[in-house]
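Chemist: Residue numbers (numbering that gives the first Met the number 0), protein chains in the order written: chain A, 0 to 319; chain B, 0 to 150; chain C, 0 to 493.
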Amino acid sequence: MQSRRVLLAALMAAVLLAGIPAAVAGPAYPAKAITLIVPYAPGGSTDVLARAVSQVATRHLTVPLLVVNRPGGGAIPGRLDVVRAQPDGYTLLFGYGSGEDLFVPHQRQIPYDVLTDLVPVCRISIHSVVLVVAANHPAQNLTEFVRWAKGREQNTAAVSTAGGVVDVTLRLFAQNAGFKVTPVPGTGGADAITRLVGGHADFGGGHPSEVLPHIKAGRLRPLGVALERRDPAVNAPTFKEMGFDVVTPGSVKGVAVPKGTPSDVILYLAAAFKEISVDPEFVKIMKDIGQPIMYQGPEEYKVWFKQAFEQAGRLVAQFK
Amino acid sequence: MRRWQRYASLVLLLTAAVVVFQALVRLGLRMGDQPGPGLMPLVLGVLLGALAAALLAGNLGPGEAQAPFWAAGTWWRPLGAVALMAGFAFGLRWIGFMAGIGLLVAGWLLILERKRLWVAALSGAVTATVVYALFVVLLKVPLPMGSLLTR
Amino acid sequence: MASFEGLLQGFGIALSPVNLLFAFLGALLGTAIGVLPGLGPAATIALLLPVSYKIGSPVTAIIMMAGVFYGAMYGGSTTSILLNIPGEAASVVTCLDGHQMARKGRAGPALGIAAIGSFIAGTIAVVALTLVAPPVAEFALKFGPPEYFALTVLGLLLATYLSGRAPLKSLIMATLGLLLGLVGLDPVAGVPRFDFGNVNLQGGIDFVTLAMGLFGIGEILLSLEQGVIGTIVTTTIRDVFPRMTDFVRTRRAIVRGSVIGFVVGLLPGGGAVIASLVSYAAERRASPHPEEFGQGAIEGVAGPESANNAAATSSFIPLLTLGIPGNASTAMIFAALMIQGVTPGPFLLREHADVFWGVAASMYIGNAMLLLLNLPLVGVWAQLLRVPYAYLAPIIAVITLAGVYTVNNTAFDIWLMLVIGVVGYLLRKLEFDPGPLLLAFVLGPIMERSLRQSLLMSAGSPAIFVTRPIAALLLIAAAIFVAGNLLAGRRRRA
Numbered sequence: 000m001q002s003r004r005v006l007l008a009a010l011m012a013a014v015l016l017a018g019i020p021a022a023v024a025g026p027a028y029p030a031k032a033i034t035l036i037v038p039y040a041p042g043g044s045t046d047v048l049a050r051a052v053s054q055v056a057t058r059h060l061t062v063p064l065l066v067v068n069r070p071g072g073g074a075i076p077g078r079l080d081v082v083r084a085q086p087d088g089y090t091l092l093f094g095y096g097s098g099e100d101l102f103v104p105h106q107r108q109i110p111y112d113v114l115t116d117l118v119p120v121c122r123i124s125i126h127s128v129v130l131v132v133a134a135n136h137p138a139q140n141l142t143e144f145v146r147w148a149k150g151r152e153q154n155t156a157a158v159s160t161a162g163g164v165v166d167v168t169l170r171l172f173a174q175n176a177g178f179k180v181t182p183v184p185g186t187g188g189a190d191a192i193t194r195l196v197g198g199h200a201d202f203g204g205g206h207p208s209e210v211l212p213h214i215k216a217g218r219l220r221p222l223g224v225a226l227e228r229r230d231p232a233v234n235a236p237t238f239k240e241m242g243f244d245v246v247t248p249g250s251v252k253g254v255a256v257p258k259g260t261p262s263d264v265i266l267y268l269a270a271a272f273k274e275i276s277v278d279p280e281f282v283k284i285m286k287d288i289g290q291p292i293m294y295q296g297p298e299e300y301k302v303w304f305k306q307a308f309e310q311a312g313r314l315v316a317q318f319k
Numbered sequence: 000m001r002r003w004q005r006y007a008s009l010v011l012l013l014t015a016a017v018v019v020f021q022a023l024v025r026l027g028l029r030m031g032d033q034p035g036p037g038l039m040p041l042v043l044g045v046l047l048g049a050l051a052a053a054l055l056a057g058n059l060g061p062g063e064a065q066a067p068f069w070a071a072g073t074w075w076r077p078l079g080a081v082a083l084m085a086g087f088a089f090g091l092r093w094i095g096f097m098a099g100i101g102l103l104v105a106g107w108l109l110i111l112e113r114k115r116l117w118v119a120a121l122s123g124a125v126t127a128t129v130v131y132a133l134f135v136v137l138l139k140v141p142l143p144m145g146s147l148l149t150r
Numbered sequence: 000m001a002s003f004e005g006l007l008q009g010f011g012i013a014l015s016p017v018n019l020l021f022a023f024l025g026a027l028l029g030t031a032i033g034v035l036p037g038l039g040p041a042a043t044i045a046l047l048l049p050v051s052y053k054i055g056s057p058v059t060a061i062i063m064m065a066g067v068f069y070g071a072m073y074g075g076s077t078t079s080i081l082l083n084i085p086g087e088a089a090s091v092v093t094c095l096d097g098h099q100m101a102r103k104g105r106a107g108p109a110l111g112i113a114a115i116g117s118f119i120a121g122t123i124a125v126v127a128l129t130l131v132a133p134p135v136a137e138f139a140l141k142f143g144p145p146e147y148f149a150l151t152v153l154g155l156l157l158a159t160y161l162s163g164r165a166p167l168k169s170l171i172m173a174t175l176g177l178l179l180g181l182v183g184l185d186p187v188a189g190v191p192r193f194d195f196g197n198v199n200l201q202g203g204i205d206f207v208t209l210a211m212g213l214f215g216i217g218e219i220l221l222s223l224e225q226g227v228i229g230t231i232v233t234t235t236i237r238d239v240f241p242r243m244t245d246f247v248r249t250r251r252a253i254v255r256g257s258v259i260g261f262v263v264g265l266l267p268g269g270g271a272v273i274a275s276l277v278s279y280a281a282e283r284r285a286s287p288h289p290e291e292f293g294q295g296a297i298e299g300v301a302g303p304e305s306a307n308n309a310a311a312t313s314s315f316i317p318l319l320t321l322g323i324p325g326n327a328s329t330a331m332i333f334a335a336l337m338i339q340g341v342t343p344g345p346f347l348l349r350e351h352a353d354v355f356w357g358v359a360a361s362m363y364i365g366n367a368m369l370l371l372l373n374l375p376l377v378g379v380w381a382q383l384l385r386v387p388y389a390y391l392a393p394i395i396a397v398i399t400l401a402g403v404y405t406v407n408n409t410a411f412d413i414w415l416m417l418v419i420g421v422v423g424y425l426l427r428k429l430e431f432d433p434g435p436l437l438l439a440f441v442l443g444p445i446m447e448r449s450l451r452q453s454l455l456m457s458a459g460s461p462a463i464f465v466t467r468p469i470a471a472l473l474l475i476a477a478a479i480f481v482a483g484n485l486l487a488g489r490r491r492r493a
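1. For C/Val341 and C/Ile445, I'd like the C-alpha separation in whole angstroms.
2. Note down, one range per segment and in chain order, each alpha helix (DSSP H) of at least 4 residues found wholly within the region 174 to 255 of chain C.
3. Just grab the DSSP bridge partners of A/Gly253 for me.
4. Count Cβ pairs between the region 13 to 26 of chain B and the region 39 to 56 of chain B that sit closer than 8 Å; are there 3 or more?
5. Rounded to the nearest angstrom, how far is the Cβ of C/Ala274 from that of C/Val263, given a contact under 8 Å?
6. Indicate, with yes or no, if the ligand FAD has a heavy atom lying under 7 Å from the CB of C/Tyr73.
7. With H, G and I counted as helix, E and B as strand and the rest as coil, what does DSSP make of A/Ala157?
8. Express the C-alpha separation of C/Arg467 and C/Ala149 in angstroms, rounding to a whole number.
9. Tell me the rounded alpha-carbon separation between C/Gly483 and C/Ala309.
10. Rounded to a whole number of angstroms, what is the C-alpha to C-alpha distance between B/Ala88 and B/Trp107?
11. State the Cα-Cα distance for the pair A/Val392 and C/Ile398, rounded to the nearest angstrom.
12. What is the DSSP secondary structure of A/Ile109, reduced to helix, strand or coil?
13. If contact means a Cβ-Cβ distance below 8 Å, which residues of the region 168 to 193 of chain C contact chain B?
14. For B/Leu41, go through chain C and note every residue whose CB falls closer than 8 Å to its CB, in chain order.
15. Ordered along the chain, which non-local residues of its own chain (more than five positions away) have a Cβ less than 8 Å from that of A/Pro29?
16. 8 Å is my cut-off, CB to CB: does C/Ala470 come that close to chain B?
17. Give a yes or no on whether the C-beta atoms belonging to C/Gly357 and C/Ala13 are separated by under 8 Å.
18. Grouping DSSP H, G and I as helix and E and B as strand, with all else coil, what is A/Arg220?
19. Pick helix, strand or coil for A/Trp303, following the three-state DSSP scheme.
20. For C/Tyr147, go through chain B and note every residue whose CB falls closer than 8 Å to its CB, in chain order.
21. Would you mind listing the alpha helix (DSSP H) stretches within the region 76 to 140 of chain B that are 4+ residues and don't spill past its ends, in chain order?
22. Determine, using beta carbons only, whether A/Ile75 comes closer than 8 Å to chain C.
23. At a CB-CB cut-off below 8 Å, which residues of chain A make contact with C/Arg448?
24. Between C/Phe480 and C/Ala471, how many whole angstroms is the CB-CB distance? I'm expecting something under 8 Å.
25. Residues in its own chain within less than 6 Å of C/Ser305 by CB, not counting five upstream and five downstream?
26. Would you mind giving the Cβ-Cβ distance between A/Leu219 and A/Val282, rounded to the nearest angstrom? I have them listed as a contact below 8 Å.
27. Could you have a look at A/Thr181 and say whether DSSP puts it in helix, strand or coil?
28. Taking 8 Å as the limit between beta carbons, can you name the residues of its chain near C/Val379, skipping five residues before and five after?
29. Is C/Arg427 close to chain B, meaning its C-beta is less than 8 Å from at least one C-beta of that chain?
30. Below 8 Å, how does it come out for the region 199 to 219 of chain A and the region 131 to 140 of chain A: are there three or more Cβ pairs, yes or no?
31. DSSP puts B/Gln33 in a beta bridge; with which residues?
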């Protein structure tokens with residue numbers, strides 16, 4: 000009987016000891032690792048950026064930033080996870096401002112409100128959309144490409160996801176330039192570019208971090224960028240200067256938390272991300288992958304996001 | 000056994016019917032000029048229905064001597080295991096992973112395997128400690144510790 | 000002979016003490032997680048990514064991650080053979096004959112031939128990788144959506160027929176697997192399918208949840224009721240080094256498996272799972288005694304285990320030379336390379352020759368380490384698994400519960416796994432084989448995506464599948480396979 004009690008006590012002690020590391024940490028934020036949810040597959044532009052951030056974060060945060068990929072279902076389920084997470088600042092959405100946030104809500108119903116159920120923390124980068132063709136394509140520039148495409152019954156376009164920024168941009172461009180387009184969506188940017196390189200689409204689009212390696216290797220040729228001004232990382236004109244009035248905000252990479260997260264937590268995180276955005280190592284990584292750093296704090300980004308959201312609505316309304 | 004095969008094919012036929020209904024009514028075969036979200040489910044639903052019908056046809060008529068479907072005397076053990084694991088999933092939020100694992104293993108050995116209390120308790124504690132070392136310390140996986148133990 | 004010089008340079012890098020240590024750590028960890036059901040190489044490499052930042056050098060980081068990846072291919076077979084639970088997806092077919100061998104007291108030779116086959120195939124694949132990387136990967140690019148569709152159809156038909164006993168029931172399981180793969184938001188329209196109003200299902204069912212439920216929980220429940228020690232092997236593991244007759248019997252299977260694995264691993268999305276099934280089917284066809292398959296034929300272990308290892312190695316070819324990851328694990332390594340400032344692609348060989356040749360050379364060393372590690376260590380794990388089933392069952396339950404939880408950190412996955420486990424238990428009682436279901440679940444999304452992409456490309460015309468030579472060839476192969484099996488079945492009955 001005695002030994003049985005001792006053993007029971009030992010069991011309880013072991014069980015309690017296992018719980019202690021979390022218990023002694025105390026209430027100050029951040030007390031444990033923070034999870035960055037990336038709603039896309041690994042290897043894509045958002046994932047690469049998230050991992051770059053988490054690599055540098057060790058110098059600016061006392062706790063690690065864990066990158067968790069939650070791909071599939073058109074990148075909505077990963078966002079739902081964040082919407083339904085505890086608003087305690089330990090679960091962040093990475094990639095707030097992508098096509099699924101700015102464009103998709105205007106095109107189909109999603110199970111949450113992108114403007115009120117998620118609260119912006121900061122913006123980190125904007126990835127432009129580049130129109131690319133395979134290197135063996137006859138067209139050397141955008142004008143030649145449009146002339147080529149106009150003479151055809153069907154033009155297939157490799158795009159990352161249905162209703163995403165690349166999809167919307169290429170459809171808008173085709174409409175503006177007056178040729179027929181059939182966007183063929185897949186699992187994400189890497190998949191779209193693979194199909195394009197393999198010659199399974201007439202043209203396509205992607206972000207610099209996805210297309211630059213292939214442009215450098217001579218497999219793809221950039222023809223145009225859907226920005227107001229040229230993208231310094233890409234050797235191609237804007238659609239606008241070639242006479243096509245198509246400008247899209249690109250893929251905005253921001254961070255958001257669930258509604259109800261305390262404002263001091265948001266400010267703490269925003270300050271940390273601001274430090275990260277000027278960290279020399281981070282600056283170098285971003286230069287290597289050809290993406291700009293465009294930091295905005297919570298208030299600023301909230302206002303900017305609202306405008307971009309409305310602009311996206313106007314763009315999407317154009318082809319309905 | 001044939002009787003149970005017939006039940007299985009009926010369940011499969013019902014599944015196929017639900018799939019076909021969902022594909023046709025809720026999902027739709029076309030989306031503009033593109034193949035829609037219901038195309039693949041429809042094909043699969045029809046295929047499943049046909050295969051289930053074939054299974055049913057092959058198992059009509061009386062079968063061999065009826066062997067009881069559930070083994071006598073032990074039928075409750077899988078049920079008990081499911082109940083224990085369901086209890087673990089239910090209690091996870093409050094008592095956390097480590098305590099939950101300890102109790103699950105101890106309860107399993109005590110109830111399903113009729114081990115002595117001290118054996119069950121020790122096994123539970125050891126398992127919880129090993130899982131803690133492996134997942135939390137070594138692999139740094141954040142397993143929840145439960146709201147009762149951390150506050 | 001540029002590759003020879005490159006390889007020499009690579010060995011110079013790979014043999015440095017730090018890189019040797021990390022190759023060893025990767026191989027050791029890979030074997031461990033391969034043995035543990037629930038934790039796959041992709042999840043482990045993901046967990047290692049934060050560690051890789053600390054390492055600093057891209058060569059060292061990638062050497063370790065590659066070690067985890069191909070090490071898992073060695074470890075996965077151990078669990079399949081001893082427990083009849085696939086340690087990871089690519090060793091599903093190893094269960095069929097490996098476990099039967101173990102039940103007949105030949106666990107030692109099964110484990111031994113798996114490790115030796117893996118070693119030979121891994122080495123052949125690394126040699127081929129260093130020689131033919133650029134030209135062969137060019138061919139893999141020719142696979143567009145129609146070719147993928149044809150490949151998944153072929154792969155699936157092979158999968159249903161290899162489970163043997165009842166093709167009708169296996170086809171039903173495959174169809175169910177394809178349907179389960181549809182659960183979640185439609186990738187094009189964003190419409191939820193078969194979610195039954197539950198938001199947790201909108202993200203789809205996770206592979207780990209399904210596999211652990213069907214194989215882990217389902218198996219435990221059955222053994223609890225029937226008291227069959229069936230899943231666990233109580234015999235001691237001896238004769239790990241196979242007999243000469245075993246070598247003679249398996250030498251062709253190992254070489255064939257290496258070639259099949261190497262080719263399939265080159266295909267984007269192909270990978271170790273399909274490689275192992277194609278190899279199993281090929282062995283059954285080629286065998287002079289096909290009736291032994293499913294009853295413990297040693298070729299049925301040697302072939303697939305060689306194939307999955309060769310595929311794991313060759314999938315580095317499209318990754319490193321084209322910048323195109325073929326599966327989840329290599330996608331992780333892709334991300335790691337990008338962050339380390341190394342862009343995978345045709346330029347990698349020129350600008351980061353140290354990375355390419357260092358990693359290639361480390362694979363020669365890693366495979367040798369794994370062989371030395373595995374033959375003796377297999378005995379250690381076998382000792383571990385000799386714990387009486389009364390204790391092992393709750394431990395397996397705990398590992399599956401923890402493994403499933405770590406995928407998405409939600410309790411919902413635990414509930415889902417329990418439901419799937421009960422279904423898996425009932426399926427076993429009704430003599431349905433859950434293997435084809437699991438494989439169809441993996442191939443289903445690729446199949447549907449490529450079908451819809453193909454129809455978009457052809458403006459709705461199914462002719463695209465016969466006008467493209469590679470797709471047509473694969474579909475003709477599938478048709479011949481089905482026709483051959485139907486004819487053989489009829490002849491057997493007559």
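Every residue, glycine too, gets a C-beta built ideally from N, C-alpha and C.
Modeler: Based on what the coordinates show:
1. Taking the third sequence and counting its residues from 1, one reaches residue 341 of chain C at position 342. Taking the third sequence and counting its residues from 1, one reaches residue 445 of chain C at position 446. Spanning the two alpha carbons is a distance of roughly 29 Å.
2. 206 to 210, 217 to 225
3. Translated into the one-based positions of the first sequence, residue 253 of chain A becomes position 254. DSSP, once it has assigned bridges, lists A/Tyr95, A/Arg122 as partnering A/Gly253.
4. yes
5. As a working note, residue 274 of chain C is residue 275 in the third sequence. As a working note, residue 263 of chain C is residue 264 in the third sequence. With a Cβ gap of about 4 Å, C/Ala274 and C/Val263 count as contacting.
6. Annotation note on the ligand FAD: not contained in the displayed structure, which lists no ligands.
7. Within the first sequence, residue 157 of chain A is the residue found at index 158, counting from 1. Strand.
8. Residue mapping note: residue 149 of chain C aligns to position 150 of the third sequence, counting from 1. Residue mapping note: residue 467 of chain C aligns to position 468 of the third sequence, counting from 1. C-alpha separation (whole angstroms): 11 Å.
9. As a working note, residue 483 of chain C is residue 484 in the third sequence. As a working note, residue 309 of chain C is residue 310 in the third sequence. The alpha-carbon atoms of C/Gly483 and C/Ala309 are separated by roughly 29 Å.
10. The residue given as residue 88 of chain B occupies position 89 in the second sequence. The residue given as residue 107 of chain B occupies position 108 in the second sequence. The alpha-carbon atoms of B/Ala88 and B/Trp107 are separated by roughly 14 Å.
11. Nothing about residue 392 of chain A can be read from this structure; chain A reaches only from 0 to 319.
12. Taking the first residue of the first sequence as 1, we reach residue 109 of chain A at position 110. If DSSP states are grouped into helix, strand and coil, A/Ile109 belongs with coil.
13. Lys168, Leu170, Ile171, Thr174, Leu175, Leu177, Leu178, Leu181, Asp185, Val187, Ala188, Val190, Arg192, Phe193
14. Your numbering for residue 41 of chain B matches position 42 in the second sequence. Here the premise fails: no neighbours, minimum Cβ distance about 11 Å.
15. The residue labelled residue 29 of chain A in the question sits at position 30 within the first sequence. Same-chain partners within the cutoff: Leu60, Thr61, Val62, Gly88, Tyr89, Tyr267.
16. The residue you call residue 470 of chain C lines up with position 471 of the third sequence. False, the Cβ-Cβ gap to chain B never drops below 8 Å.
17. The residue given as residue 357 of chain C occupies position 358 in the third sequence. The residue given as residue 13 of chain C occupies position 14 in the third sequence. Yes.
18. Locating residue 220 of chain A in the first sequence gives position 221, counting from the first residue. If DSSP states are grouped into helix, strand and coil, A/Arg220 belongs with the strands.
19. For the purposes of this step, residue 303 of chain A is taken as residue 304 along the first sequence, with counting starting at 1. Helix, per DSSP.
20. Within the third sequence, numbered from 1, the residue matching residue 147 of chain C stands at position 148. Correct list: empty, because the minimum Cβ distance to chain B is about 14 Å.
21. 116 to 130
22. If you number the first sequence from 1, residue 75 of chain A lands on position 76. True, the Cβ-Cβ gap to chain C drops below 8 Å.
23. The count along the third sequence starts at 1 and reaches residue 448 of chain C at position 449. By Cβ distance, chain A contributes Gly185, Thr186.
24. Along the third sequence, read from residue 1 onward, the residue named residue 480 of chain C stands at position 481. Along the third sequence, read from residue 1 onward, the residue named residue 471 of chain C stands at position 472. That pair is no contact at about 15 Å.
25. On the third sequence, position 306 is the one that residue 305 of chain C refers to. Excluding positions up to five away in sequence, the list reads Gly116, Ala120, Ile253, Gly256, Ser257.
26. Along the first sequence, read from residue 1 onward, the residue named residue 219 of chain A stands at position 220. Along the first sequence, read from residue 1 onward, the residue named residue 282 of chain A stands at position 283. So it is not a contact: roughly 26 Å between Cβ atoms.
27. Working through the first sequence from its first residue, we reach residue 181 of chain A at position 182. It is a strand residue.
28. Position 380 of the third sequence, counted from the start, is the residue given in the question as residue 379 of chain C. Answer for C/Val379: no residue qualifies.
29. Translated into the one-based positions of the third sequence, residue 427 of chain C becomes position 428. Closer than 8 Å: no.
30. yes
31. For the purposes of this step, residue 33 of chain B is identified with residue 34 of the second sequence, where counting begins at 1. In the DSSP output, where bridge partners are listed per residue, B/Gln33 has B/Met30.
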